[in-house]
Amino acid sequence: MIATLTLLIVFQAEWNLPALYPTYILNPTGANGMEDYTLAMDLLRAGHFNAYDDWQSPQDRLAGPPPGLQGFRGIQKPIPDPKYIELVNRLDGLNLLQLRQEEASKFGKALDLVASGNSKSFAFVTPTSNFKFPVVSDVIDLARLGDDSSYTALSEANGTLAVDDISRVLVMSDRLARHNYFSILVSTYEEAHIFAAISENLNRYSIDDAKSLEIITDAILKLPAACIESLHNEMANARNSTREVISTMRSAAAQPSNDKQEQAISRMVSSLSDSDIEAMTQRVLQAMSDRADVAFARLNGPEENWLSQSATEDPGPVSDVPKSLSDLENLLAWYRLPPFARNASTLLGSLKSRTQLRLARLHSRIIHFNWEWGRFPKNLEELNAPKDYTFDRLSSQPFVYELTPEGYRLYSKGWKQSGPIFLDYNFPGSPRMQGVAP
Amino acid sequence: MIATLAICILAQSGSLYAKAFPRPTGHNGYEEYMQAADILNSRAYMEFKAWELSVGRSPGVPTPDGVSANATPLTIKKYEVDRFGKALKLLAIGNTKPTFRGSSQLGGEPQAFVDLAQLATDAAYVSFAKGDWSSGTNQLLEVVVLGDNLQRESTFSLEFGSQIAERALESFDRQKTRWSVKDCERIALRVESILARPNAIGVALDHDLAAVIPNLESMTTGTMKLSEDNAGTDIGKECIRRLNALGPSERIQLKELVDHRLSMIYGAMQSRFQGPESQWSAEQALPTETELSLPLTSMNDLARAVCLDGEPQYNSLSAALRIRAQLRILRLHARIQAYKWRNGRLPNALSDAATNLEIQDPLSGKPFLFEIQKDMTYRIYSDGNQSTGQIDLTFLPKDGKSSSPLQTAPTPVSQGINVAP
Numbered sequence: 260m261i262a263t264l265t266l267l268i269v270f271q272a273e274w275n276l277p278a279l280y281p282t283y284i285l286n287p288t289g290a291n292g293m294e295d296y297t298l299a300m301d302l303l304r305a306g307h308f309n310a311y312d313d314w315q316s317p318q319d320r321l322a323g324p325p326p327g328l329q330g331f332r333g334i335q336k337p338i339p340d341p342k343y344i345e346l347v348n349r350l351d352g353l354n355l356l357q358l359r360q361e362e363a364s365k366f367g368k369a370l371d372l373v374a375s376g377n378s379k380s381f382a383f384v385t386p387t388s389n390f391k392f393p394v395v396s397d398v399i400d401l402a403r404l405g406d407d408s409s410y411t412a413l414s415e416a417n418g419t420l421a422v423d424d425i426s427r428v429l430v431m432s433d434r435l436a437r438h439n440y441f442s443i444l445v446s447t448y449e450e451a452h453i454f455a456a457i458s459e460n461l462n463r464y465s466i467d468d469a470k471s472l473e474i475i476t477d478a479i480l481k482l483p484a485a486c487i488e489s490l491h492n493e494m495a496n497a498r499n500s501t502r503e504v505i506s507t508m509r510s511a512a513a514q515p516s517n518d519k520q521e522q523a524i525s526r527m528v529s530s531l532s533d534s535d536i537e538a539m540t541q542r543v544l545q546a547m548s549d550r551a552d553v554a555f556a557r558l559n560g561p562e563e564n565w566l567s568q569s570a571t572e573d574p575g576p577v578s579d580v581p582k583s584l585s586d587l588e589n590l591l592a593w594y595r596l597p598p599f600a601r602n603a604s605t606l607l608g609s610l611k612s613r614t615q616l617r618l619a620r621l622h623s624r625i626i627h628f629n630w631e632w633g634r635f636p637k638n639l640e641e642l643n644a645p646k647d648y649t650f651d652r653l654s655s656q657p658f659v660y661e662l663t664p665e666g667y668r669l670y671s672k673g674w675k676q677s678g679p680i681f682l683d684y685n686f687p688g689s690p691r692m693q694g695v696a697p
Numbered sequence: 005m006i007a008t009l010a011i012c013i014l015a016q017s018g019s020l021y022a023k024a025f026p027r028p029t030g031h032n033g034y035e036e037y038m039q040a041a042d043i044l045n046s047r048a049y050m051e052f053k054a055w056e057l058s059v060g061r062s063p064g065v066p067t068p069d070g071v072s073a074n075a076t077p078l079t080i081k082k083y084e085v086d087r088f089g090k091a092l093k094l095l096a097i098g099n100t101k102p103t104f105r106g107s108s109q110l111g112g113e114p115q116a117f118v119d120l121a122q123l124a125t126d127a128a129y130v131s132f133a134k135g136d137w138s139s140g141t142n143q144l145l146e147v148v149v150l151g152d153n154l155q156r157e158s159t160f161s162l163e164f165g166s167q168i169a170e171r172a173l174e175s176f177d178r179q180k181t182r183w184s185v186k187d188c189e190r191i192a193l194r195v196e197s198i199l200a201r202p203n204a205i206g207v208a209l210d211h212d213l214a215a216v217i218p219n220l221e222s223m224t225t226g227t228m229k230l231s232e233d234n235a236g237t238d239i240g241k242e243c244i245r246r247l248n249a250l251g252p253s254e255r256i257q258l259k260e261l262v263d264h265r266l267s268m269i270y271g272a273m274q275s276r277f278q279g280p281e282s283q284w285s286a287e288q289a290l291p292t293e294t295e296l297s298l299p300l301t302s303m304n305d306l307a308r309a310v311c312l313d314g315e316p317q318y319n320s321l322s323a324a325l326r327i328r329a330q331l332r333i334l335r336l337h338a339r340i341q342a343y344k345w346r347n348g349r350l351p352n353a354l355s356d357a358a359t360n361l362e363i364q365d366p367l368s369g370k371p372f373l374f375e376i377q378k379d380m381t382y383r384i385y386s387d388g389n390q391s392t393g394q395i396d397l398t399f400l401p402k403d404g405k406s407s408s409p410l411q412t413a414p415t416p417v418s419q420g421i422n423v424a425p
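Residue numbers (the working numbering), protein chains in the order written: chain A, 260 to 697; chain B, 5 to 425.
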């Protein structure tokens with residue numbers, strides 16, 4: 260999944276990027292946070308944010324400033340905008356902090372727009388129903404900007420601004436995640452940046468910074484989970500478009516095809532009347548609703564059961580080639596379902612983010628405790644935190660807290676496919692040390 | 005009950021400041037130090053400390069007004085700073101002026117200075133907890149300067165001043181990953197200015213000698229009445245007995261021997277510490293002498309006995325050398341942390357982050373040692389010399405038992421056997 264997203268990012272990193280706002284926001288109201296988010300993304304595009312981002316790619320960070328555009332990231336790219344070349348050459352002479360300071364100064368307005376968007380109501384608007392929004396790289400760029408701006412603020416001993424920058428993109432990310440399955444994937448990737456930034460700076464946060472972080476993570480966790488809202492949205496879209504999909508299948512049936520599935524479907528639907536199509540649509544919608552109801556019932560139940568064994572056992576259709584109209588309806592109902600309703604394991608990304616939010620909230624309490632008592636708590640019970648803080652719904656047991664010579668480790672045991680989850684979780688098998696005693 | 009008794013014993017009657025400076029000039033930072041000491045020598049502060057020490061250990065000690073018996077350590081520190089923080093303002097003012105105690109006798113201030121250093125590190129902690137890194141860093145730097153100024157009083161206070169400064173260094177060590185870029189710059193600048201001052205050991209030797217000469221002169225010329233009761237050792241008692249029996253010509257002979265001996269001892273030391281710092285570790289050999297023992301058979305033995313308490317506190321020298329290495333290590337930490345902010349990673353070598361001069365360790369005669377450890381942590385240390393052993397920013401005694409060298413103030417000592425009539 261991450262590899263796919265990375266490819267998307269790479270190939271969307273254009274040199275002369277068109278503005279998003281006029282494309283997506285056809286009827287601006289000034290009252291929808293999405294308008295501000297889009298403007299923020301446009302600011303990054305217009306200022307060649309990708310030049311700042313490329314400079315900081317892991318390989319460049321390890322090797323020092325990039326030698327120039329030749330072989331940049333090892334990827335052949337089209338000849339870029341001369342202004343971009345000039346910018347990259349100038350950035351070559353900066354160190355990391357200078358680069359991030361310039362970045363924070365140049366693109367700080369974008370984070371203000373994100374904050375402005377966060378203060379408004381939010382509704383997705385897309386020009387067409389199948390339009391993929393948000394654009395992956397733009398959303399992640401905003402997360403990177405928040406991370407970098409936070410770093411700059413901390414280098415200037417401004418913890419308040421550092422947490423504020425991080426919080427802004429965290430809230431935006433949660434709101435964007437509520438659109439559909441794809442947006443959750445994007446937000447999960449975006450949040451990985453934010454959580455890594457928080458993790459890196461935990462021991463730099465003051466009590467007030469920790470309190471702010473706790474408030475923001477707690478507020479997000481108190482909202483209905485993004486995946487539930489996303490499922491509602493996707494089901495509504497699926498219902499609205501199912502009739503059109505079936506009608507399209509009938510009209511496409513006249514086209515010759517070598518595909519066995521298409522041949523089978525053509526045979527079944529080519530002779531259907533309008534009323535047959537309507538009846539079939541109703542049956543498919545009913546089958547979808549039945550399956551979705553199971554998913555909603557599970558998501559409305561305790562979070563620790565979302566990934567239970569029984570919830571992930573729905574095998575779906577036996578064959579991709581329907582033998583009867585009933586088979587076809589089952590097949591349609593299955594494939595038209597959003598991923599969350601088809602297979603509970605697709606919830607893992609969303610649950611991982613929620614787990615990390617809980618970890619961030621718990622870290623905040625530990626930081627606070629540490630300042631208050633001059634030591635780390637002996638165990639999580641000593642925090643006197645609400646039970647919800649210390650219970651890890653993903654693993655259905657308390658978070659793991661271990662004192663170490665350097666500080667402490669806090670993590671979730673995770674789920675079978677995730678491995679242990681730390682605040683700066685990257686991939687299974689890479690647990691990180693957390694916390695340093697002040 | 006015990007705590008109350010302790011307060012009565014510890015609390016000094018009268019003002020330390022008034023006793024030490026009956027005619028204050030306003031130009032001597034030590035006057036502010038003593039005013040700060042008065043605040044921390046007050047009954048209110050003693051009661052607070054007694055209560056703080058009793059929290060969670062011995063119930064029954066009255067809780068001061070304005071703080072809860074169940075307060076967290078941070079709340080207690082905040083209360084302490086709110087109530088006694090004026091002492092910190094006085095410390096900061098004192099640090100802006102030249103400082104000199106002007107007497108070899110220390111009164112009740114050593115314990116008060118230990119408390120002052122603790123108050124400042126507590127205030128720094130409170131500032132850090134609030135996210136005010138700049139104030140926290142400044143508070144700790146004021147303690148370092150206090151320690152440096154105290155070092156200059158005498159060779160005895162070399163060790164005491166070092167231990168005061170080490171309180172701040174230990175706190176710096178714990179907080180170093182939190183320093184902002186500006187904190188790093190401020191720390192490096194302040195260390196630079198301290199290291200650039202005339203070296204504390206040389207100044208302390210001058211002060212020692214200035215105090216010792218008149219004392220020993222009054223002893224040898226017989227202008228001071230001496231009692232064997234004032235001597236703490238058999239040699240001291242014998243020395244006083246012999247001094248009281250000397251005739252005029254013998255006194256002249258003794259004075260010449262004492263002057264020669266002082267000149268030899270202090271001359272060798274001054275020469276060592278006025279030379280390049282890289283040679284300070286090399287002890288200059290004095291003429292070999294047998295251990296002084298009873299009876300004191302010759303005038304030379306008597307001169308040696310008279311000079312015993314007039315000699316510099318040799319044991320303090322290694323503390324003074326150590327603190328200079330620690331200050332340099334503090335500066336290197338500041339350079340490393342600034343480098344880390346600027347580059348997002350640790351330097352591969354000290355020379356990537358600091359100048360050639362900064363990475364040289366005069367004490368060991370080699371560059372400071374830099375080891376990168378796991379999780380972006382590292383160690384900077386000096387190999388030290390034979391007397392100090394390896395030196396980190398936080399002082400670890402060779403027995404490794406305590407990371408905090410100064411639990412309480414050392415007992416005030418007097419220079420010379422005759423200074424407490």
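For each residue, glycine too, the CB sits at the ideal point set by N, CA and C. Treat the numbers as computed from the prediction; the structure is a model and nothing was measured.
- Task: Taking only the alpha-carbon atoms, compute the straight-line gap between B:Leu397 and A:Gly367 and give it to the nearest angstrom.
- Result: 38 Å
- 8 Å Cβ cut-off: residues of chain A touching B:Asp138: Per the sequence presented here, residue 138 of chain B reads as Ser, with Asp not at that position. Chain A residues near B:Ser138: Ala416.
- Item | A:Ala416 to A:Arg624 span [Cα, whole Å] | 21 Å
- Message: I need the straight-line Cα distance from B:His211 to B:Ser322, nearest angstrom please.
- Response: Taking C-alpha positions only, B:His211 is separated from B:Ser322 by approximately 18 Å.
- Message: Considering Cα atoms alone, identify which of A:Tyr440, A:Ile457, A:Gln514, A:Arg613 is closest to A:Pro483.
- Response: A:Arg613
- Same chain, Cβ closer than 7 Å to A:Leu298, five either side skipped, listed in chain order: Tyr280, Leu372
- Task: Determine the chain A residues that contact B:Asn142 at a beta-carbon separation under 8 Å, and present them in chain order.
- Result: Those do not exist, as B:Asn142 stays about 12 Å from chain A at its closest Cβ, beyond 8 Å.
- In the DSSP assignment, what are the bridge partners of B:Tyr385? B:Leu373
- Task: Look up A:Asn291 in the DSSP assignment and say whether it is helix, strand or coil.
- Result: strand
- Item | Proximal residues of chain B, C-beta to C-beta of A:Gly633 below 8 Å | Pro77, Leu78, Tyr129
- Item | Straight-line Cα distance separating B:Gly98 from B:Thr381 | 36 Å
- Query: List, in order along the chain, the chain B residues whose C-beta lies closer than 8 Å to that of A:Arg463?
  - Reply: Thr181, Arg182
- Item | Contacts around B:Ala133, its chain only, beta-carbon distance under 8 Å, and the 5 residues preceding and following it disregarded | Leu78
- For a contact meaning CB atoms closer than 7 Å, what does B:Ala133 contact in chain A? Ser465, Ile466, Trp630
- Query: Got a sec: is the Cβ-Cβ distance from A:Glu361 to anything in chain B below 8 Å?
  - Reply: no
- Query: Would B:Gly98 count as contacting chain A if we go by Cβ distances under 8 Å?
  - Reply: no
- What three-state label does DSSP hand A:Ser380 in the structure shown? strand
- Query: Would you report the Cα separation of B:Gln364 and B:Ala342, rounded to the nearest angstrom?
  - Reply: 19 Å
- Please determine, among A:Asp397, A:Ala421, A:Phe383, the residue with the shortest C-alpha to C-alpha distance to B:Gly135. Answer by Cα proximity: A:Ala421.
- Item | Beta-bridge partners of A:Gln656, as assigned by DSSP | A:Asp651
- Message: Are there any heavy atoms of the ligand HEM lying less than 7 Å away from the beta-carbon of B:Ala169, as far as the coordinates show?
- Response: In the structure shown, the ligand HEM is absent, as is every other ligand, since no ligand is present at all.
- Taking Cβ positions only, does B:Val185 come closer than 8 Å to chain A? For B:Val185, the answer is yes, since a Cβ of chain A falls inside 8 Å of its Cβ.
- Message: Under 8 Å, Cβ to Cβ, is there at least one residue of chain B near A:Asn354?
- Response: Taking CB atoms only, A:Asn354 has a neighbour in chain B less than 8 Å away.
- Item | Residues near B:Asn203 by beta carbon distance below 7 Å, same chain, minus five either side | Phe277
- If you draw a straight line from the alpha carbon of A:Ser245 to that of A:Gln522, how long is it in whole angstroms? Residue 245 of chain A is absent from the model: chain A starts at 260 and stops at 697.
- Task: With 8 Å as the threshold, decide whether the Cβ of A:Thr419 is near any Cβ in chain B.
- Result: yes
- Query: Mind listing which residues of the region 650–675 of chain A have their C-beta closer than 8 Å to chain B's C-betas, in chain order?
  - Reply: Glu665
- Message: Given a cut-off of 8 Å on the beta-carbon distance, is the pair A:Ile425 and A:Ala455 in contact?
- Response: no
- Query: Got a sec? Which residues, its chain only, sit under 8 Å from A:Ile505 by beta carbon, not counting five neighbours each side?
  - Reply: Val528, Ile536, Met539, Thr540, Val543, Leu591
- Distance, Cα to Cα, A:Lys637 vs A:Leu662? 7 Å
- Message: Can you pull out the residues from the region 35–59 of chain B whose beta carbon lies closer than 9 Å to at least one beta carbon of chain A?
- Response: none
- For a contact meaning CB atoms closer than 8 Å, what does B:Arg346 contact in chain A? Asn354, Leu355, Leu356, Gln357
- Message: I need the DSSP call for A:Asp340, collapsed to helix, strand or coil.
- Response: coil
- Message: Which residues in chain A have a C-beta closer than 9 Å to the C-beta of B:Asp396? List them in chain order.
- Response: Here the premise fails: no neighbours, minimum Cβ distance about 16 Å.
- Message: By the DSSP assignment, the alpha helix (DSSP H) with B:Asn352 in it spans what residues?
- Response: Judged by DSSP secondary structure, B:Asn352 falls outside any alpha helix (DSSP H); it is assigned neither H nor E.
- Message: Measuring alpha carbon to alpha carbon, tell me which residue in B:Thr76, B:Gly60, B:Phe52, B:Arg61 is nearest B:Thr67.
- Response: B:Phe52
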